[in-house]
Amino acid sequence: MTRLASRSVLLLIALILACSPKQETPEKNTVNIGNGSLEISNGWARPAHARMMTAAYFTIRNNETFADTLLSVSYANADDTQIHESYEADGGMMGMRPVGAVPIPANSGVELKPGGIHVMIIRPEMNLSEGDSIVLELAFSSNELQLIRIPVKASN
Ligand SMILES: [Cu+2]
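The sequence shown begins at 505 in this note's numbering and counts up by one.
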């Protein structure tokens with residue numbers, strides 16, 4: 505094998521490893537940011553087939569005396585990740601729509617949950633099965649980026 509070809513094989517292996525949900529940097533499901541001023545806990549994501557859609561949830565507690573904002577959430581192994589809110593449309597039908605950001609008031613918290621604000625994972629590359637875990641990257645206005653690892657399960 506030429507040197508270039510062996511490099512290509514190594515690159516391919518690295519790409520395969522990078523795409524596996526279980527090979528990402530392990531992070532805890534409960535994280536404290538900035539001496540515990542911001543706490544993220546109780547995260548989970550629903551199982552999904554590859555290329556479909558699913559939702560993820562977690563609780564954010566802000567122990568600071570100033571407000572914060574969840575600017576965005578991303579899952580690396582999906583086409584897109586959006587923050588959505590559920591709402592009751594005309595006729596009592598439930599719909600959902602993207603929200604730009606989620607305010608987290610001082611000394612308060614926000615719970616992302618079914619029927620409320622949630623993270624929409626759009627077209628994951630692989631099946632997300634019960635027992636798997638995924639890493640989400642959260643961006644806050646007060647901090648740069650925070651990784652959390654959350655389990656995949658059918659209900660909380
Ligand atoms: Cu949604």
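Yeah, the Cβ is synthetic: ideal placement off N, Cα and C, and Gly gets one too. Here the structure is a predicted model, which means the values were calculated and not measured.
For a test of your reading of the model: does the CB of H553 fall under 7 Å from any non-hydrogen atom of ligand 1? Yes or no. Residue numbering aside, residue 553 sits at position 49 when the sequence shown is read from its first letter. Between ligand 1 and H553, a heavy atom-to-CB distance of less than 7 Å is absent.
Quick one, which of S633, R555, I654 and A643 has its alpha-carbon nearest G604's? The residue labelled residue 604 in the question sits at position 100 within the sequence shown. Considering only S633, R555, I654 and A643, the residue with the shortest C-alpha distance to G604 is A643.
Based on the DSSP output, what are the partners of F644 in its beta bridges? The count along the sequence shown starts at 1 and reaches residue 644 at position 140. Looking at the DSSP output, F644 sits in a beta bridge with L574.
Residues near ligand 1, CB to any non-hydrogen atom under 5 Å, in chain order? Residues with a Cβ closer than 5 Å to any heavy atom of ligand 1, in chain order: H588, M600 and M624.
If I follow the unbroken beta strand (DSSP E) through A549, where does it start and stop? Counting from one through the sequence shown, the residue named residue 549 turns up at place 45. For A549, the uninterrupted beta strand (DSSP E) segment begins and ends at L542 to A549.
Could you check how far apart the C-beta atoms of R565 and G620 are, in whole angstroms? I think they sit under 8 Å. Numbered from 1 along the sequence shown, position 61 holds the residue referred to as residue 565. Numbered from 1 along the sequence shown, position 116 holds the residue referred to as residue 620. The beta-carbon distance between R565 and G620, rounded to whole angstroms, is 16 Å. This is too long to meet the 8 Å contact definition.
Beta strand (DSSP E) containing N566: first to last residue? For this step, residue 566 is matched to residue 62 along the sequence shown. Per DSSP, N566 belongs to the beta strand (DSSP E) from M557 to N566.
Close Cβ partners of N567 (< 8 Å) along its chain, the five nearest in sequence each way excluded: In the sequence shown, the residue the question calls residue 567 occupies position 63. Same-chain partners within the cutoff: G540, S541, L542, E543 and N611.
Taking its Cβ as the centre, do 16 or more other Cβ atoms sit within 10 Å of T558, making it buried, or is it exposed? One-based indexing of the sequence shown puts residue 558 at position 54. T558 comes out buried.
Can you list, in chain order, the residues of its chain whose CB lies under 6 Å from that of S646, leaving out five sequence neighbours each side? The residue given as residue 646 occupies position 142 in the sequence shown. Only D572 meet the Cβ criterion.
For C523, does the count of other Cβ atoms within 10 angstroms reach 16, so buried, or fall short, so exposed? In the sequence shown, the residue the question calls residue 523 occupies position 19. Bear in mind that a pLDDT of 46 at C523, under 50, signals an unreliable position, so the number given afterwards is only what the model happens to contain. With fewer than 16 Cβ atoms within 10 Å of its Cβ, C523 is classed as exposed.
Whose C-alpha, out of Q586, D636, E629 and L575, is nearest the C-alpha of E648? Taking the sequence shown and counting its residues from 1, one reaches residue 648 at position 144. Of Q586, D636, E629 and L575, the residue nearest in Cα terms is L575.
For D702, three-class secondary structure by DSSP: Coverage of the chain is limited to positions 505 through 660, which leaves residue 702 absent and any answer about it impossible.
Once the 5 residues before and after I626 are set aside, which same chain residues still bring their CB inside 8 Å of it? The count along the sequence shown starts at 1 and reaches residue 626 at position 122. Answer for I626: M557, A582, D583, D584, T585 and Q586, listed in chain order.
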